[in-house]
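Undergrad:
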Amino acid sequence: MIKNLAIKAESRDQFKANFVSELESARNCSHLLNEMVIQSNNNLKIDSETKRVVYRGTTDEDLQLMRELLTNCETIRFRLYRFSNQITENDNEELRQLIEISDMLMSTINSCKRYFILLDDPKLSQTTTTTDTYDNVLD
Numbered sequence: 006m007i008k009n010l011a012i013k014a015e016s017r018d019q020f021k022a023n024f025v026s027e028l029e030s031a032r033n034c035s036h037l038l039n040e041m042v043i044q045s046n047n048n049l050k051i052d053s054e055t056k057r058v059v060y061r062g063t064t065d066e067d068l069q070l071m072r073e074l075l076t077n078c079e080t081i082r083f084r085l086y087r088f089s090n091q092i093t094e095n096d097n098e099e100l101r102q103l104i105e106i107s108d109m110l111m112s113t114i115n116s117c118k119r120y121f122i123l124l125d126d127p128k129l130s131q132t133t134t135t136t137d138t139y140d141n142v143l144d
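Each residue of the sequence shown is one higher than the one before, counting from 6 in my numbering.
1) Can you tell me whether Lys-56 is helix, strand or coil according to DSSP?
2) Which same chain residues end up closer than 7 angstroms to Leu-75 when comparing Cβ atoms and leaving out the 5 residues on each side of it in sequence?
3) Which ranges does the beta strand (DSSP E) cover as unbroken runs of at least 3 residues, wholly within the stretch 15-100, from first to last along the chain?
4) When the Cβ atoms of the stretch 23-41 are set against those of the stretch 61-78, are three or more pairs found closer than 8 angstroms?
5) By the 10 Å Cβ neighbour count, where 16 or more other Cβ atoms means buried, how is Gln-102 classified, buried or exposed?
6) Distance, Cα to Cα, Ser-16 vs Met-41?
7) Is the distance from the Cβ of Val-59 to the Cβ of Asp-67 below 7 angstroms?
8) Could you give the distance in angstroms between the alpha-carbon of Ser-35 and the alpha-carbon of Met-109?
9) Assuming Leu-49 contacts Arg-61 under a Cβ cut-off of 8 angstroms, what Cβ separation, rounded to an integer in Å, is found between them?
10) How would you label Ser-26, buried or exposed, when you count the other beta carbons within 10 angstroms and need 16 or more for buried?
11) Buried or exposed, going by whether 16 or more other CB atoms sit within 10 Å of the CB of Ile-106?
12) Anyone know if the C-beta pair for Ser-45 and Thr-64 falls short of 7 angstroms?
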C-alpha cells in the first residue's frame with residue numbers, strides 16, 4: 006500500500022513538472038508570436054481605396070517564423086487540452102493557469118490568422134488543421 010502511494014506521488018510529481026514546463030513553453034511561444042504579429046501589423050501599408058496590402062514590411066523569413074510559431078501554438082494548445090483531462094477538481098490553481106494560458110494562446114492564434122488573412126496568404130490553410138481538429142474534439 007505504501008508502495009502504491011509512493012508510485013502515485015511520483016506520478017503526480019511528474020505530471021506537475023510536465024504541466025509547468027508545457028505552460029512555460031506556451032507562454033514563451035505565444036508571447037513571441039504575439040509580439041511579431043503586433044510589429045508586423047504596425048509595418049503594414051494598406052491602400053485606402055482598394056483596402057489591399059501595398060507594403061508588408063515583414064521579411065519572408067519573419068513570415069516563415071510566424072507560420073512555425075503559429076503551428077507550435079496550435080500544437081501546444083492541443084497538448085494543454087490533454088492535460089485538462091488529468092487535472093482533478095481539487096486542482097483549482099492548475100485549472101486556472103490552464104484556462105488562462107489556453108485563452109492567451111487562442112487570442113494569439115486568432116490574431117496571427119487575421120494577419121495572414123489580411124495578407125491573403127494562401128499558406129494559411131496549411132496551418133489550420135491542428136486548430137480545426139482541436140475544435141472538433143471539443144464539440
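Beta carbons are placed, not taken as given, at the ideal position from N, Cα and C, and that holds for glycine.
TA: Concretely, from the data shown:
1) coil
2) Leu-38, Ile-114, Cys-117, Thr-132
3) 58-60
4) yes
5) buried
6) 37 angstroms
7) no
8) 7 angstroms
9) 6 angstroms
10) exposed
11) buried
12) no
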